[in-house]
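K.L.:
Just so you know, the sequence shown maps onto residues 1 to 132 in the UniProt record's numbering.
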Amino acid sequence: MSYSDVHQSYGRCRRAGNFVDRFYERFLAADERVAQAFTTTNWSQQKRALGQAISTAISYAEGESFVAPTMEKMAEVHSRHGRVPVAPELYGVWLNCMVETAREVDPRWEESLAQRWRGALSPAIDLFIERY
Ligand code: HEM
1 MSYSDVHQSY
11 GRCRRAGNFV
21 DRFYERFLAA
31 DERVAQAFTT
41 TNWSQQKRAL
51 GQAISTAISY
61 AEGESFVAPT
71 MEKMAEVHSR
81 HGRVPVAPEL
91 YGVWLNCMVE
101 TAREVDPRWE
111 ESLAQRWRGA
121 LSPAIDLFIE
131 RY
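(1) Going residue by residue through the region 52-93, where are the continuous alpha helix (DSSP H) segments of at least 4 residues, counting only ones entirely within it?
(2) Between the Cα of Y10 and those of A29, E130, E110, F27, spot the shortest distance and give me the residue it belongs to.
(3) Using the C-alpha atoms, what's the distance from A16 back to D106?
(4) Cβ of Y24 within 8 Å of Cβ of A120?
(5) Would you decide whether W43 is buried or exposed? Buried here means 16 or more other CB atoms lie within 10 Å of its CB.
Next up, the structure:
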């Protein structure tokens, strides 16, 4: 499956400049367990890591085998025995915040992109939940 439309939408979001900041504003406000998890975070490092992780997750959904080891490492970080355990029920919140942020920031947003974004990020989330 090709998600070049989602890669392009994400590229426009990044060039618009404030995607990752806007995402975290939303995400931290969405659930108090999320805000709790990020109390000691180094934000410049975290924002760089997420910016990269989104592209990786979209490529993973396209079946690009070279990103699979990177995704496995990210899943490990968020597993129950990992450095940052993430309860599976928080991934729905994460995904909604992603799509809402893309809708807000992408200067050429079309509503059909919402389902495309969901399709492009779901394989990564499914992996994280499976590895939890
Ligand atoms: C598929 C969705 C997600 C992806 C791709 C993702 C990706 C990442 C990555 C790449 C890192 C940096 C890891 C490192 O430093 O080695 C990270 C850290 C983190 N993530 Fe996620 N994450 C996701 C979902 C979530 C969710 C739902 C939460 C909910 C609380 C969360 C909370 C955190 C926290 C607290 C950190 C560590 C921040 C710190 O160092 O203080 N993540 N995540």
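No residue lacks a Cβ here, since even glycine has one placed at the ideal position from N, Cα and C.
P.N.:
Considering the structure as presented:
(1) 68-77
(2) E110
(3) 7 Å
(4) no
(5) exposed
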